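**Student:**
Given below as structure tokens:
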């Protein structure tokens, strides 16, 4: 039974999330501020985190950034829950390390569906510790990417995107599948997000960026 941590200062929303998740068979612990969350996560790690952006003592984006920097928590899937719905806010949350983004108000069924999908996707990523293609080498244990001997600095989502490509080298990946597997969201309305990340990833990889091929009207292939 998966353990879910809810970090949400709005009592009504927190109670709805807790009730819905418990009724779906999940264990739940809830916190109304970041301080209580950090105290608890130092004692016990959850399987997934629902993180509100606007907290009374710490910005949710800052909290997610800290989660991704810690070796014991960086692999825990995170869904950001917020009233902010503009694309730039969503991109910022995803880039800083969130796996999915849920905008208030949301339906109970959508919440449960996204939690289930993210847990399943995280489990299915596999246990490989490194990937190599041409001059690109990805060390997943240390979360480092090299082109030749040069260390390449990637954002959290750029790293996850490259990892997904390397896991499926030689396979044409549809845009819809990429968005679901890497961002945990449907493709509709998100084409700019994907295109922007492909562009910056290719640029950071330099000449090695040529391995990411655009398949017109379909998606991308790493070769």
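Residue numbers (the numbering used here): 2 to 224.
Even for Gly, the Cβ is constructed at its ideal location relative to N, Cα and C.
Values in this document were obtained by computation on a predicted structure and should not be read as measured data.
(1) Please identify the residue among 15, 221, 73 and 156 whose C-alpha is closest to the C-alpha of residue 109.
(2) Around the C-beta of residue 172, are 16 or more other C-beta atoms found within 10 angstroms, so that it is buried, or is it exposed?
(3) Along the alpha helix (DSSP H) that carries residue 164, what are the first and last residues, could you check?
(4) Of all the alpha helix (DSSP H) runs that stay within the bounds of the region 69-138, which reach a length of 4 or more residues?
(5) Is the separation between the beta-carbon of residue 98 and that of residue 49 shorter than 8 Å?
(6) What residue from 44, 47, 65 and 45 has the CA that sits closest to residue 53's CA?
(7) What's the C-alpha gap between residue 188 and residue 33?
(8) Just to confirm before moving on: does the CB-CB distance between residue 83 and residue 104 stay below 8 Å?
(9) Could you tell me which residues DSSP puts in a beta bridge with residue 153?
(10) In three-state DSSP terms, what is residue 9?
(11) Three or more beta-carbon pairs under 8 Å between the region 2-18 and the region 28-42, yes or no?
(12) Pick helix, strand or coil for residue 62, following the three-state DSSP scheme.
(13) Between 42, 150 and 51, which lies nearest to residue 22 when the distance is taken from Cα to Cα?
(14) Which word fits residue 158, buried or exposed, when buried means at least 16 other C-beta atoms lie within 10 angstroms of its C-beta?
(15) How should residue 154 be labelled, buried or exposed, when 16 other C-beta atoms within 10 angstroms of its C-beta is the threshold for buried?
(16) With a CB to CB cut of under 7 Å and the five nearest residues on each side skipped, what residues in its chain are close to residue 36?
**Tutor:** Based on what the coordinates show:
(1) Ranking 15, 221, 73 and 156 by Cα distance to residue 109 puts 15 first.
(2) The residue is exposed, with fewer than 16 neighbouring Cβ atoms inside 10 Å.
(3) For residue 164, the enclosing alpha helix (DSSP H) starts and ends at 157-168.
(4) For the region 69-138, whole alpha helix (DSSP H) runs of length 4 or above, ordered along the chain, are 88-96 and 109-125.
(5) No, these two residues do not count as a Cβ contact at 8 Å.
(6) Per the Cα distances, 65.
(7) At residue 188, the pLDDT of 49 sits below 50, so the modelled position is not reliable and the matter cannot be decided from this model.
(8) Taking the C-beta atoms as reference points, residue 104 is found nearer than 8 Å to residue 83.
(9) The partner list for residue 153 (beta bridge, DSSP) reads 146.
(10) If DSSP states are grouped into helix, strand and coil, residue 9 belongs with coil.
(11) The region 28-42 and the region 2-18 touch, with three or more beta-carbon pairs separated by less than 8 Å.
(12) Of the three classes helix, strand and coil, the one that applies to residue 62 here is helix, per DSSP.
(13) Considering only alpha carbons, the answer is 51.
(14) Result: buried.
(15) Under this definition residue 154 is an exposed residue.
(16) So the list reads 58, once near-sequence residues are dropped.
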